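Heads up: the sequence shown begins at 0 in numbering that gives the first Met the number 0, then just goes up one per residue.
Note that the Cβ used here is the ideal one computed from N, Cα and C, for glycine as well.
On a predicted model such as this, the values are computed, not experimentally measured, just so you know.
Below is one structure, written out as structure tokens; comments come after it.
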Amino acid sequence: MQSLESLKKLVQLIAIQEIMPRFLNTAVQQKPDGSLLSEADIAAQNAFSQRLPEIIAAPVLGEEMSPKAQHELWKNHAKSGLWVLDPIDGTTNFANGLPHFAVSVAFIQQGVAQIGVIYNPVSQELFSAKLGHGAYLNQTQLPLRQSSNRLYDAVAGAEVKHLCSGKLSSRIHMLAPVRSIRSMGCSTLDWCYLASGRYDVYVHGGQNLWDYAAGALIFTEAGGQLATLEGDEFWSGKHTFKRSVIAAIQPELFQTWRKWIQENQ
Numbered sequence: 000m001q002s003l004e005s006l007k008k009l010v011q012l013i014a015i016q017e018i019m020p021r022f023l024n025t026a027v028q029q030k031p032d033g034s035l036l037s038e039a040d041i042a043a044q045n046a047f048s049q050r051l052p053e054i055i056a057a058p059v060l061g062e063e064m065s066p067k068a069q070h071e072l073w074k075n076h077a078k079s080g081l082w083v084l085d086p087i088d089g090t091t092n093f094a095n096g097l098p099h100f101a102v103s104v105a106f107i108q109q110g111v112a113q114i115g116v117i118y119n120p121v122s123q124e125l126f127s128a129k130l131g132h133g134a135y136l137n138q139t140q141l142p143l144r145q146s147s148n149r150l151y152d153a154v155a156g157a158e159v160k161h162l163c164s165g166k167l168s169s170r171i172h173m174l175a176p177v178r179s180i181r182s183m184g185c186s187t188l189d190w191c192y193l194a195s196g197r198y199d200v201y202v203h204g205g206q207n208l209w210d211y212a213a214g215a216l217i218f219t220e221a222g223g224q225l226a227t228l229e230g231d232e233f234w235s236g237k238h239t240f241k242r243s244v245i246a247a248i249q250p251e252l253f254q255t256w257r258k259w260i261q262e263n264q
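As structure tokens, then:
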């Protein structure tokens, strides 16, 4: 567990040094894909790239690298080991002064996350997990609450803009048999809210590797179940850099939610 404890301390330190001083006070530019890039993203990624190999000697795959460099790193190091980093997930929230963003870091070996940390430096909630050892919010084991197994009682997290099916997208917002739907602009914290029981079910049309690497580990270590919209096992190795998600914290609820999604695609 020493590597995980060192990672938690490093994430908090870099958030204090590089991210929070720039919150509400940072220059932002638009990337080719339309998403935002801030000075804080760049500063934090540079700091992590220098410091993460001190914890485990492995290369760092960061969101703000070129796609070519990302794919090369994954191809050459996914089995032997590499870090996967999103220095600020929820940059739009960050740039607009919304306190809902997070740092996400995972160490991956044999294509599977071994340790992961997601940290919201505003709320100071730190979610962490080590494969086979459970998941935690600060020092409290997850989940924080037990979800109902009835879909009609569920709070759903949903991000539908990447869904291939316009039919499913509209039906989720208009017809999904859930109590309420939330879309908060930070995929990594979505995983944490699922793991803690704040969300009960979830669907996302396509997350990047750095969106799910730490979050999926934290969620499954909390006991959650997940798959892709295509029907694959989540860690199957297919579609590594853009992976859809169906998830729920309760097994019975997962089957009910998955069935409804499949019937409405």
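May I have the straight-line CA-CA distance separating residue i from residue j, to the nearest angstrom?
i: Ala194; j: Ala68; result: 31 angstroms
i: Phe253; j: Ser243; result: 15 angstroms
i: Ala57; j: Ile114; result: 14 angstroms
i: Gly110; j: Leu188; result: 22 angstroms
i: Pro86; j: Thr219; result: 22 angstroms
i: Ser2; j: Val116; result: 11 angstroms
i: His99; j: Tyr192; result: 12 angstroms
i: Glu251; j: Asn75; result: 39 angstroms
i: Ile180; j: Met173; result: 10 angstroms
Our contact map puts residue i next to residue j with C-beta atoms below 8 angstroms; I'd like the distance itself, whole angstroms only.
i: Ile54; j: Ser122; result: Ile54 to Ser122, Cβ: 24 angstroms. No contact.
i: Ala212; j: Arg178; result: With a Cβ gap of about 30 angstroms, Ala212 and Arg178 do not count as contacting.
i: Gly156; j: Tyr198; result: 4 angstroms
i: Trp209; j: Ser103; result: 6 angstroms
Residue i: buried (16+ other C-beta within 10 angstroms of its C-beta) or exposed?
i: Gly214; result: buried
i: Tyr151; result: exposed
i: Leu51; result: buried
i: Ala26; result: exposed
i: Lys129; result: buried
i: Ser127; result: buried
i: Ile245; result: buried
i: Phe240; result: exposed
i: Pro31; result: exposed
i: Gly230; result: exposed
Which residues share a DSSP beta bridge with residue i?
i: Thr139; result: Leu136
i: Gly61; result: Leu84
i: Gln108; result: Val111
i: Phe218; result: Phe218 is not bridged to any residue.
i: Ala246; result: Tyr201, Leu225
i: Ala157; result: Val202
i: Val116; result: Val104, Ser127
Tell me the DSSP secondary structure of residue i in three-state form.
i: Lys74; result: helix
i: Trp82; result: strand
i: Glu124; result: strand
i: Ser103; result: strand
i: Arg21; result: helix
i: Gln28; result: strand
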